[in-house]
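> Those sequence lines, one after another, are chains A and B. One point on numbering: in the numbering used here, the residue at position 118 of the first sequence is 385, and numbering is uninterrupted. One point on numbering: in the numbering used here, the residue at position 65 of the second sequence is 475, and numbering is uninterrupted. My structure is below; once you've seen it, I'll send some questions.
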Amino acid sequence: MGFQEKSNIVMLTALAVAYGWYGIQVFRLATDEPVSEVMYQPLILIVVVPLVVIATIGHIVISALDPAEADSSDERDREIARRGSVVGGWIVSIAAFGALLAAMAEITHFWIAHVILAGLVIGELADGAWRLILYRRGI
Amino acid sequence: MAKPTRVTNRIRQLRIDQNAMTQAELAEQVGVTRQTVNAIEKGKYSPSLEVAFLISRVLGRRLEDVFDYPLD
């Protein structure tokens with residue numbers, strides 16, 4: 268398994284753990300009070316911390332395990348990344364359109380923010396998952 | 411499941427013929443990762459024309475001696 272494939276797995280794990288934690292926290296808050304009063308803003312900033320920590324530690328570990336290949340990439344990695352980005356881009360675009368509709372319908376900011384956030388996170392997860400499939404299946 | 415590419419190659423055999431050159435050695439000379447050489451050998455990746463030429467050159471063969479594109 269090459270460095271970029273390992274890096275992709277690290278980022279997928281970091282995203283899943285960080286935003287899984289975020290989802291649980293917001294769900295708990297939203298069950299206790301109306302969503303319009305949920306203070307999700309600090310959580311959106313705080314969630315970046317575990318994301319960066321997991322990603323950084325993960326990359327240090329995979330680089331230490333195979334220093335010669337650290338940060339190496341080639342045309343195959345770039346093509347797989349490009350195809351993954353196309354999938355992620357579609358999801359982000361759909362979420363942006365959904366957020367636009369939500370704003371036009373004057374839905375509470377909580378939902379507009381979370382439609383956008385979900386699009387970004389799911390887009391990244393789909394991008395990484397598709398890359399994982401392409402690395403295994405071939406392109 | 412069908413292979414992602416119809417391009418076939420003889421890289422593995424030609425590496426063996428070249429004093430048992432390893433995938434890592436070929437990859438280093440071509441400028442790609444070992445995993446990419448492995449993917450090409452297994453038919454999981456069709457390289458760019460430039461990489462295909464470089465592989466052929468390192469193996470000391472013509473492009474059509476290394477790669478093939480069967481019609482069926």
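Note that beta-carbon positions come from the ideal geometry of N, C-alpha and C, so glycine has one too. This one's a predicted model, so the numbers in the text were calculated from it and none came from an experiment.
Could you list which residues in chain B have their beta carbon closer than 7 Å to that of S339 of chain A, in chain order?
Walking along the first sequence from the start, residue 339 of chain A turns up at place 72. The contacting residues are T443.
> Pick out whichever of B:L473, B:V442, B:V461 has its Cα sitting closest to the Cα of G269 of chain A.
Position 2 of the first sequence holds residue 269 of chain A. It is B:V442 whose Cα lies nearest to the Cα of G269 of chain A.
> Whose CA, out of A:A283, A:Y289, A:R343, lies closest to the CA of R398 of chain A?
For this step, residue 398 of chain A is matched to residue 131 along the first sequence. The residue with the shortest Cα to Cα distance from R398 of chain A is A:R343.
> Beta-carbon of E336 of chain A versus every beta-carbon of chain E: anything under 8 Å?
Among the chains of the structure shown, chain E does not appear; the protein chains present are A and B.
> Is it right to say P457 of chain B is buried, meaning 16 or more other beta carbons lie within 10 angstroms of its own, or is it exposed?
As a first step, residue 457 of chain B must be located in the second sequence, where it is residue number 47. Buried.
> Using 8 Å as the threshold, is the region 374-392 of chain A in touch with the region 355-365 of chain A, meaning 3 or more CB pairs across them?
yes
> Are the beta-carbon atoms belonging to G355 of chain A and D394 of chain A less than 8 Å from one another?
Along the first sequence, read from residue 1 onward, the residue named residue 355 of chain A stands at position 88. Along the first sequence, read from residue 1 onward, the residue named residue 394 of chain A stands at position 127. The criterion of a C-beta distance shorter than 8 Å is satisfied by G355 of chain A and D394 of chain A.
> Could you check what DSSP says for D394 of chain A in three-state terms: helix, strand or coil?
The residue labelled residue 394 of chain A in the question sits at position 127 within the first sequence. Looking at D394 of chain A - three-state DSSP - the assignment turns out to be helix.
> Rounded to whole angstroms, what's the CA-CA distance from V417 of chain B to A370 of chain A? Just pull it up for me.
Within the second sequence, numbered from 1, the residue matching residue 417 of chain B stands at position 7. Within the first sequence, numbered from 1, the residue matching residue 370 of chain A stands at position 103. C-alpha separation (whole angstroms): 50 Å.
> Would you give the residue range spanned by the alpha helix (DSSP H) that I311 of chain A belongs to?
Counting from 1 along the first sequence, the entry for residue 311 of chain A is found at position 44. From DSSP, the alpha helix (DSSP H) with I311 of chain A extends over 308-313.
> Taking the alpha carbon of Y289 of chain A as the reference point, which residue from A:I276, A:L318, A:L368, A:I400 has its own alpha carbon closest?
Against the first sequence, residue 289 of chain A aligns to sequence position 22. When each option's Cα is compared against that of Y289 of chain A, the closest is A:L318.
> Identify every run of the alpha helix (DSSP H) within the region 304-367 of chain A, keeping only runs that are complete inside it and at least 4 residues long; order them along the chain.
Qualifying alpha helix (DSSP H) stretches, in chain order: 308-313, 315-332.
> Return the chain-ordered list of same chain residues with a C-beta closer than 6 Å to the C-beta of Q271 of chain A, the five sequence neighbours on each side being excluded.
As a position in the first sequence, residue 271 of chain A is number 4, starting the count at 1. Spatial neighbours of Q271 of chain A in its own chain (CB-CB distance under 6 Å, excluding positions within 5 residues in sequence) are listed in chain order as S340, D344.
> Assign N429 of chain B to one of two classes, buried (16 or more other C-beta atoms within 10 Å of its C-beta) or exposed (fewer than that).
As a working mapping, residue 429 of chain B is identified with position 19 in the second sequence. Exposed, because fewer than 16 other Cβ atoms sit within 10 Å of the Cβ of N429 of chain B.
> Whole angstroms is fine: what's the gap from D475 of chain B's alpha carbon to V461 of chain B's?
As a working note, residue 475 of chain B is residue 65 in the second sequence. As a working note, residue 461 of chain B is residue 51 in the second sequence. Pairing D475 of chain B with V461 of chain B, the inter-Cα distance amounts to about 15 Å.
> Restricting to Cα atoms, I'd like to know which of A:H381, A:L332, A:I379, A:E391 is closest to R350 of chain A.
Counted from its first residue, the first sequence places residue 350 of chain A at position 83. Closest by alpha carbon: A:E391.
> Are any of the Cβ atoms in chain A nearer than 8 Å to that of T432 of chain B?
Reading the second sequence from its first residue, position 22 is the one you call residue 432 of chain B. For T432 of chain B, the answer is no, since every Cβ of chain A falls outside 8 Å of its Cβ.
> Quick check: the Cα distance between L481 of chain B and R295 of chain A, rounded to an integer number of angstroms?
For the purposes of this step, residue 481 of chain B is identified with residue 71 of the second sequence, where counting begins at 1. For the purposes of this step, residue 295 of chain A is identified with residue 28 of the first sequence, where counting begins at 1. Taking the straight line joining both Cα atoms gives about 60 Å.
> DSSP beta-bridge partners for T280 of chain A?
Translated into the one-based positions of the first sequence, residue 280 of chain A becomes position 13. Answer is none; T280 of chain A lacks a bridge partner.
> Whole-angstrom Cβ separation of V305 of chain A and F377 of chain A, contact assumed at under 8 Å?
Numbered from its first residue, the first sequence carries residue 305 of chain A at position 38. Numbered from its first residue, the first sequence carries residue 377 of chain A at position 110. Confirmed, Cβ separation roughly 6 Å.
> Comparing the C-beta of I406 of chain A with each C-beta of chain B, is any distance below 8 Å?
Reading the first sequence from its first residue, position 139 is the one you call residue 406 of chain A. Closer than 8 Å: yes.
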